[in-house]
Amino acid sequence: MEFSDWDLVQKCQAGETSAFQELVSRYQQKVFMVVLGLLRDREDSMDVAQEAFFRAYRKIKGFKGGSSFYTWLYRIAVNTAIDSQRRQKRNPLEFRENMDEVLEEQNEVEKDPFSNAYDKELRAGLIAAINDLTAEHKAVIILRTVEGLPYKDIGEILGCSEGTVMSRLHYARKKLQGKLKAFL
Amino acid sequence: MIKRCEDIRDRIGALMDGELSRSGAEEVRVHLESCLACREERRQLEKLQASLKEVLVAGPSNVSFERFWSGVEQRINRKRVWHEDFFGWVRDLLTPPQLAWLVPAVIILVLTGVFSLESFFPGSRLAVQRNNFAAVDSIDAFGRNVAVLRENETKTTIIWLYQNQEGEDESTGEKTDASPSF
Chain B
103 MEFSDWDLVQ KCQAGETSAF QELVSRYQQK VFMVVLGLLR DREDSMDVAQ
153 EAFFRAYRKI KGFKGGSSFY TWLYRIAVNT AIDSQRRQKR NPLEFRENMD
203 EVLEEQNEVE KDPFSNAYDK ELRAGLIAAI NDLTAEHKAV IILRTVEGLP
253 YKDIGEILGC SEGTVMSRLH YARKKLQGKL KAFL
Chain R
21 MIKRCEDIRD RIGALMDGEL SRSGAEEVRV HLESCLACRE ERRQLEKLQA
71 SLKEVLVAGP SNVSFERFWS GVEQRINRKR VWHEDFFGWV RDLLTPPQLA
121 WLVPAVIILV LTGVFSLESF FPGSRLAVQR NNFAAVDSID AFGRNVAVLR
171 ENETKTTIIW LYQNQEGEDE STGEKTDASP SF
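As given, the protein sequences belong to chains B and R, one line each in that order. For the first sequence, the numbering used here begins at 103 and goes up steadily by one. For the second sequence, the numbering used here begins at 21 and goes up steadily by one.
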């Protein structure tokens with residue numbers, strides 16, 4: 103029998119750590135992808151995603167079910183990632199190595215050399231442009247693109263209105279569009 | 021670019037996300053059919069969205085989550101030092117919903133503290149010096165006024181009723197010689 107998120111939350115609140123383990127296995131990949139989108143560093147993202155689950159575990163007794171579990175969890179994950187980003191000023195060399203690693207992995211499928219070079223350039227430009235966005239703009243882009251969340255849920259996660267989400271998405275896309283004009 | 025196009029372009033992203041109302045979406049679609057420049061804007065945004073998906077969603081393929089839970093479990097079982105708990109508590113306190121309560125609470129506490137200084141340190145310069153109070157107000161349309169004067173040191177309150185002299189016009193702001201009549 104498959105338990106709902108809320109059933110598992112209630113079990114956690116009653117002290118069953120195994121129920122939390124089930125929640126972790128349900129959301130670990132999604133949370134990791136959101137954090138990776140924000141930090142662009144695989145090792146850091148793994149660490150921050152684990153820390154986000156740990157914070158969720160500590161706060162779960164206070165979760166009353168006013169919002170869905172995943173919006174609550176994503177809010178913790180986004181805040182943890184933003185905190186981590188503020189704390190750590192990345193070493194530019196280390197960052198470039200990580201970015202290249204991601205690009206290489208995505209180019210595993212063989213393509214003609216011209217298309218490959220063009221795609222690589224576009225991706226590199228896109229990653230650099232995403233990194234130039236503010237944390238708020240980056241978060242709306244990630245939550246919309248990676249998770250495909252509706253504006254209402256994004257608003258709940260980021261603690262702002264749907265109108266603010268729409269406006270942040272608009273400006274974030276405008277910025278990306280401006281920087282990638284040559285490729286679009 | 022005309023204002024209409026600007027307004028439509030602001031909403032193309034929301035249209036792509038399926039977040040416009042039915043009438044709003046229809047309005048944007050109708051405009052797009054007739055406007056080449058706005059169609060080009062939509063094409064660019066669609067390409068941007070597709071590239072974003074490719075880069076962000078595809079992500080690295082060989083990430084293993086086998087040891088993910090053990091990392092979380094280690095954190096749960098690890099005894100944290102007091103300052104980690106303290107900073108965690110402060111961080112939670114500084115979230116926007118908490119701040120909404122915190123800001124007025126701090127203002128009230130500071131004001132209460134300042135006003136109570138007088139009770140603990142009578143005559144202290146730190147305490148707020150209460151001024152004497154004076155106010156003049158009009159009672160009715162016939163020129164009758166009331167003036168209140170409260171003198172703090174002797175705790176005396178004087179209430180003074182008087183009527184304006186005939187021909188006196190308050191709206192002109194002229195200085196008048198209003199002799200009080202009790």
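Think of the CB as a built atom: it goes at the ideal place given N, C-alpha and C, for glycine as much as any other residue.
- Could you check the C-alpha separation between Glu153/B and Lys132/B for me, to the nearest Å? Straight-line spacing of the CA atoms in Glu153/B and Lys132/B works out to 14 Å.
- Task: Work out the CA separation of Ala274/B and Met170/B for me, nearest whole Å.
- Result: It is Ser, not Met, that sits at residue 170/B in the sequence shown. Near 26 Å, if we compare the C-alpha coordinates of Ala274/B and Ser170/B.
- Message: With distance defined between alpha-carbon atoms, name the residue in Pro252/B, Ser263/B, Tyr172/B, Asp143/B nearest to Leu125/B.
- Response: Among Pro252/B, Ser263/B, Tyr172/B, Asp143/B, the Cα nearest to that of Leu125/B belongs to Tyr172/B.
- Which residues, taken in chain order from the segment 33 to 55 of chain R, show a beta carbon closer than 7 Å to some beta carbon of chain B? Shown in chain order are the members of the segment 33 to 55 of chain R whose Cβ falls below 7 Å from a Cβ of chain B: Gly33, Ala34, Asp37, Glu39.
- At least one CB of chain R closer than 8 Å to the CB of Glu153/B: is that the case? The Cβ of Glu153/B sits closer than 8 Å to at least one Cβ of chain R.
- Residues in its own chain within less than 7 Å of Val248/B by CB, not counting five upstream and five downstream? Only Met135, Val136, Gly139 meet the Cβ criterion.
- Taking the alpha-carbon positions, what's the Glu190/R to Trp180/R distance? Only weak support is given to the placement of Glu190/R: the predicted model assigns it a pLDDT of 46, under 50, and the value that follows is read from those uncertain coordinates. Spanning the alpha carbons of Glu190/R and Trp180/R requires a straight line of approximately 18 Å.
- Task: Establish whether the CB of Val83/R and some CB of chain B are separated by less than 8 Å.
- Result: Chain B contact via Cβ: present.
- Message: Given a cut-off of 8 Å on the beta-carbon distance, is the pair Leu235/B and Leu282/B in contact?
- Response: A distance of 8 Å or more separates the beta carbons of Leu235/B and Leu282/B.
- Task: Measure from the C-beta of Glu190/R to each C-beta in chain B and report whether the shortest distance is under 8 Å.
- Result: Any answer about Glu190/R is weak, because its pLDDT of 46 lies below 50 and its placement is not dependable; what the coordinates show is given next. Glu190/R is outside the set of residues whose beta carbon lies under 8 Å from a beta carbon in chain B.
- Contacts of His272/B in chain R (Cβ-Cβ under 8 Å): Within chain R, Asp30, Gly33, Ala34 have C-beta atoms less than 8 Å from the C-beta of His272/B, given in sequence order.
- Message: Whether or not the segment 256 to 265 of chain B and the segment 94 to 113 of chain R are in contact is what I'm after, with contact meaning three or more pairs of Cβ atoms, one per stretch, closer than 8 Å; do they touch?
- Response: Taking a contact to require three or more Cβ pairs closer than 8 Å, the segment 94 to 113 of chain R and the segment 256 to 265 of chain B do not qualify as touching.
- In whole angstroms, what is the alpha-carbon distance linking Thr132/R and Val126/R? Going by the C-alpha atoms only, they are around 10 Å apart.
- Check each residue of the segment 126 to 140 of chain B: if its Cβ is closer than 9 Å to any Cβ of chain R, include it; give the result in chain order. Considering only beta carbons, the part of the segment 126 to 140 of chain B lying closer than 9 Å to chain R consists of Val126, Ser127, Gln130, Gln131, Phe134, Met135, Leu138, Gly139, in chain order.
- Does the count of Cβ pairs from the segment 32 to 39 of chain R and the segment 64 to 75 of chain R closer than 8 Å reach three? With the cut-off at 8 Å, the segment 32 to 39 of chain R and the segment 64 to 75 of chain R touch.
- Message: Which residues in chain R have a C-beta closer than 8 Å to the C-beta of Ile259/B? List them in chain order.
- Response: Going along chain R, no residue has its Cβ under 8 Å from Ile259/B, so there is no contact; the nearest lies around 13 Å.
- Query: Which whole-angstrom value describes the C-beta separation of Leu245/B and Ile259/B, a residue pair presumed to lie in contact below a C-beta threshold of 8 Å?
  - Reply: In this structure Leu245/B is in contact with Ile259/B, their Cβ atoms being roughly 6 Å apart against a cut-off of 8 Å.
- Alpha-carbon to alpha-carbon, Ala120/R and Ser158/R: The alpha-carbon atoms of Ser158/R and Ala120/R are separated by roughly 40 Å.
- Message: Could you compute how far the alpha carbon of Cys25/R sits from the alpha carbon of Glu61/R?
- Response: One alpha carbon belongs to Cys25/R, the other to Glu61/R, and they sit about 10 Å apart.
- Item | Inter-residue Cα distance where the pair is Leu271/B and Ala237/B | Leu271/B and Ala237/B: Cα-Cα distance of roughly 12 Å.
- Query: Got a sec: is the Cβ-Cβ distance from Phe107/R to anything in chain B below 8 Å?
  - Reply: For Phe107/R, no Cβ of chain B is located within less than 8 Å of the residue's own Cβ.
- By the 10 Å Cβ neighbour count, where 16 or more other Cβ atoms means buried, how is Pro194/B classified, buried or exposed? With a pLDDT of 40 at Pro194/B, under the threshold of 50, the predicted position of this residue should be treated as unreliable, though the coordinate-derived value follows. In the assembly as shown, Pro194/B is an exposed residue. Its beta-carbon has fewer than 16 other beta-carbons within 10 Å.
- Message: Runs of 4 residues minimum, wholly inside the segment 138 to 177 of chain B: which ones carry the alpha helix (DSSP H) assignment?
- Response: Runs found: 144 to 161.
- Query: Taking Cβ positions, are Trp108/B and Gly167/B nearer each other than 8 Å?
  - Reply: Against a cut-off of 8 Å, the Cβ pair of Gly167/B and Trp108/B comes out as a contact.
- Terminal residues of the alpha helix (DSSP H) in which Glu60/R lies: Counting along the chain, the unbroken alpha helix (DSSP H) around Glu60/R starts and ends at 56 to 76.
- Query: What is the rounded straight-line gap between the Cα of Cys114/B and the Cα of Phe88/R?
  - Reply: Their backbone Cα atoms lie some 18 Å apart in a straight line.
- Within chain R, the residues that Phe156/B reaches when beta carbons sit closer than 7 Å: Scanning chain R for C-beta atoms nearer than 7 Å to the C-beta of Phe156/B yields Val92, Arg95, Ile96, reported in chain order.
- With 8 Å as the threshold, decide whether the Cβ of Val248/B is near any Cβ in chain R. It does; some Cβ of chain R falls within 8 Å.
- Which chain B residues are close to Lys99/R, counting only those with a beta carbon under 8 Å from its beta carbon? Simply none; closest approach about 13 Å.
- Three-way DSSP call (helix, strand, coil) for Leu52/R in this model: Three-state DSSP puts Leu52/R in a helix.
- Task: Pull up the distance between the alpha-carbon of Arg198/B and that of Lys276/B, whole angstroms please.
- Result: Here the model assigns Arg198/B a pLDDT of 43, short of 50, so the residue's position is not dependable, and the following value carries that caveat. Arg198/B and Lys276/B: Cα-Cα distance of roughly 25 Å.
- Residue nearest to Val291/B in terms of C-alpha spacing, selected from Ala151/B, Val150/B, Trp174/B: Because chain B in this structure spans residues 103 to 286, residue 291/B falls outside the shown range and cannot be described.
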